[in-house]
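Student: Structure below; questions to follow.
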Amino acid sequence: MESSSIDSSILSLTMMEEDEHTHHQFSSISKLHNNGPTTTSVHDLLECPVCTNSMYPPIHQCHNGHTLCSTCKTRVHNRCPTCRQELGDIRCLALEKIAESLELPCRYISLGCPEIFPYYSKLKHEAICNFRPYNCPYAGSDCSVVGDIPYLVAHLRDDHRVDMHSGCTFNHRYVKSNPMEVENATWMLTVFHCFGQYFCLHFEAFQLGMAPVYMAFLRFMGDEREARNYSYSLEVGGNGRKLTFEGSPRSIRDSHKKVRDSHDGLIIYRHMALFFSGGDRKELKLRVTGRIWKEQQNPDGGVCIPNLCT
Numbered sequence: 011m012e013s014s015s016i017d018s019s020i021l022s023l024t025m026m027e028e029d030e031h032t033h034h035q036f037s038s039i040s041k042l043h044n045n046g047p048t049t050t051s052v053h054d055l056l057e058c059p060v061c062t063n064s065m066y067p068p069i070h071q072c073h074n075g076h077t078l079c080s081t082c083k084t085r086v087h088n089r090c091p092t093c094r095q096e097l098g099d100i101r102c103l104a105l106e107k108i109a110e111s112l113e114l115p116c117r118y119i120s121l122g123c124p125e126i127f128p129y130y131s132k133l134k135h136e137a138i139c140n141f142r143p144y145n146c147p148y149a150g151s152d153c154s155v156v157g158d159i160p161y162l163v164a165h166l167r168d169d170h171r172v173d174m175h176s177g178c179t180f181n182h183r184y185v186k187s188n189p190m191e192v193e194n195a196t197w198m199l200t201v202f203h204c205f206g207q208y209f210c211l212h213f214e215a216f217q218l219g220m221a222p223v224y225m226a227f228l229r230f231m232g233d234e235r236e237a238r239n240y241s242y243s244l245e246v247g248g249n250g251r252k253l254t255f256e257g258s259p260r261s262i263r264d265s266h267k268k269v270r271d272s273h274d275g276l277i278i279y280r281h282m283a284l285f286f287s288g289g290d291r292k293e294l295k296l297r298v299t300g301r302i303w304k305e306q307q308n309p310d311g312g313v314c315i316p317n318l319c320t
């Protein structure tokens, strides 16, 4: 009986010490969370050591308490990347609870985004944030470069050697000695600078169903909302015939393949392209002309009127 009483006392004392220790831990986290430097510290705890992205439930941990995200758990073949112990299926519920209480700035704060979000809303916002970097718009390559518009313009000029032009009108000639070849018939894009903005002109060949076609289209180097402020026209012809297209440029947020597959541009079937080329129709010679203008609000009638650049 006496021994049992001593054991109970020891157990009670141990539990009290653990409770005090646990309370001290969460009290420290709470204090950290309530001032500027702590939020950063807690945010560091929520950074996956493998991919360095923020962790979202389920957050996994090993028997030694090292954490990582669910995506990386499969990548490391169920072995802790820190101590190499087997991970098992242990959830770090305490860290998931802490995450629910956080409000953090958008990851693109350094690019100008001023927004602050609850932890679980931040990821959704970042996927559509207007300040997120753009992918390289160069067609026909798997270029992985990302950045803001000035950086990408320099990248296109220096690394991809694209033609750079100033002005809002263009007159381009496309020549192909063997027009029967459609695959990989992508011409290098051209970048135009006007109205203080940059535009990418694409021209390429591909199969539309069973029919080989050529397509020209324009993309705006900026967001979708800004792209709607501009319009452009394209024209191609010969032998007394011509085709025209008019529309709004698509943002480079949409990949060049997505725009091409939506057929949002000037489409020329090969037999018509060869007719425009004249001669014996054994060589493709197309001249594509066009212009870009900015839509302006008419203060009198409330309708858009074109603002042509000079």
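Letter 83 of the sequence shown, counting from 1, is numbered 93 in the numbering used here, and no numbers are missing.
Virtual Cβ for every residue (Gly too), placed ideally from N, Cα, C.
#1: Name the DSSP bridge partner or partners of G300?
#2: What are the start and end residues of each continuous beta strand (DSSP E) run of 3 or more residues lying completely inside the region 102 to 183, in chain order?
#3: Exposed or buried, what is Q207 when buried is set at 16 or more other beta-carbons lying within 10 Å of its beta-carbon?
#4: Could you confirm whether any beta carbon from chain C is found closer than 7 Å to the beta carbon of H76?
#5: So T81 and I69 are in contact, right, with Cβ under 8 Å, and what is the actual spacing, rounded?
#6: Secondary structure at E293, three-state DSSP: helix, strand or coil?
#7: DSSP on R235, reduced to helix/strand/coil?
#8: Identify every residue that forms a DSSP beta bridge with H212.
#9: What is the residue span of the alpha helix (DSSP H) that H203 lies within?
#10: Compute the Euclidean distance between the alpha carbons of D274 and H135, then round it to the nearest angstrom.
#11: Taking only the alpha-carbon atoms, compute the straight-line gap between S131 and A137 and give it to the nearest angstrom.
#12: On the DSSP bridge assignment, give the partners of K268 in chain order.
#13: Assign T84 to one of three DSSP states: helix, strand, or coil.
#14: Can you name the start and end residues of the beta strand (DSSP E) that L78 belongs to?
#15: Quick one: is K83 buried, meaning 16 or more other Cβ sit within 10 Å of its Cβ, or exposed?
#16: Roughly how many angstroms lie between the CA atoms of F180 and Y148, to the nearest whole one?
#17: Give the range of the alpha helix (DSSP H) segment to which H281 is assigned.
#18: May I have the straight-line CA-CA distance separating V185 from E245, to the nearest angstrom?
#19: If we ignore side chains and look at the alpha-carbon of each, how far apart do P259 and V86 end up?
#20: With a cut-off of 8 Å on the beta carbons, I'd call H266 and R229 a contact; round off their distance for me.
Tutor: Working from what's here:
#1: Start at 1 with the first residue of the sequence shown, and residue 300 comes out as number 290. Paired residues: F180, L244.
#2: 113 to 115, 126 to 128, 173 to 176
#3: Mapped onto the sequence shown, residue 207 falls at position 197. Buried: at least 16 other Cβ atoms inside 10 Å.
#4: The question asks about chain C, but that chain is absent: this structure has only one protein chain.
#5: Position 71 of the sequence shown holds residue 81. Position 59 of the sequence shown holds residue 69. Contact flag wrong, Cβ pair sits at about 11 Å.
#6: What you label residue 293 is simply residue 283 of the sequence shown in a count that begins at 1. Correct three-state label for E293: coil.
#7: Against the sequence shown, residue 235 aligns to sequence position 225. Reduced to three states, the DSSP call for R235 is helix.
#8: Residue mapping note: residue 212 aligns to position 202 of the sequence shown, counting from 1. Beta-bridge pairing links H212 to F227.
#9: On the sequence shown, residue 203 is found 193 positions in, with the first residue counted as 1. No alpha helix (DSSP H) holds H203; the beta strand (DSSP E) holding it covers 200 to 204.
#10: Numbered from 1 along the sequence shown, position 264 holds the residue referred to as residue 274. Numbered from 1 along the sequence shown, position 125 holds the residue referred to as residue 135. Cα to Cα, the separation comes out at about 28 Å.
#11: Within the sequence shown, residue 131 is the residue found at index 121, counting from 1. Within the sequence shown, residue 137 is the residue found at index 127, counting from 1. Rounded to whole angstroms, S131 to A137 spans 10 Å at the Cα level.
#12: In the sequence shown, residue 268 corresponds to position 258, counting from 1. BP columns for K268 are empty, so no partner.
#13: Position 74 of the sequence shown, counted from the first residue, corresponds to residue 84. Helix at T84.
#14: Against the sequence shown, residue 78 aligns to sequence position 68. From DSSP, the beta strand (DSSP E) with L78 extends over 77 to 79.
#15: As a position in the sequence shown, residue 83 is number 73, starting the count at 1. By the 10 Å Cβ count, K83 comes out buried.
#16: Residue 180 sits at position 170 when you count from the first residue of the sequence shown. Residue 148 sits at position 138 when you count from the first residue of the sequence shown. Those two C-alpha atoms are separated by around 19 Å.
#17: The residue given as residue 281 occupies position 271 in the sequence shown. Looking at the DSSP string, the run of the alpha helix (DSSP H) that includes H281 is 280 to 287.
#18: For the purposes of this step, residue 185 is taken as the residue at position 175 of the sequence shown. For the purposes of this step, residue 245 is taken as the residue at position 235 of the sequence shown. Approximately 16 Å between the Cα atoms of the pair.
#19: Translated into the one-based positions of the sequence shown, residue 259 becomes position 249. Translated into the one-based positions of the sequence shown, residue 86 becomes position 76. Near 44 Å, if we compare the C-alpha coordinates of V86 and P259.
#20: What you label residue 266 is simply residue 256 of the sequence shown in a count that begins at 1. What you label residue 229 is simply residue 219 of the sequence shown in a count that begins at 1. Contact holds; Cβ gap of about 7 Å.
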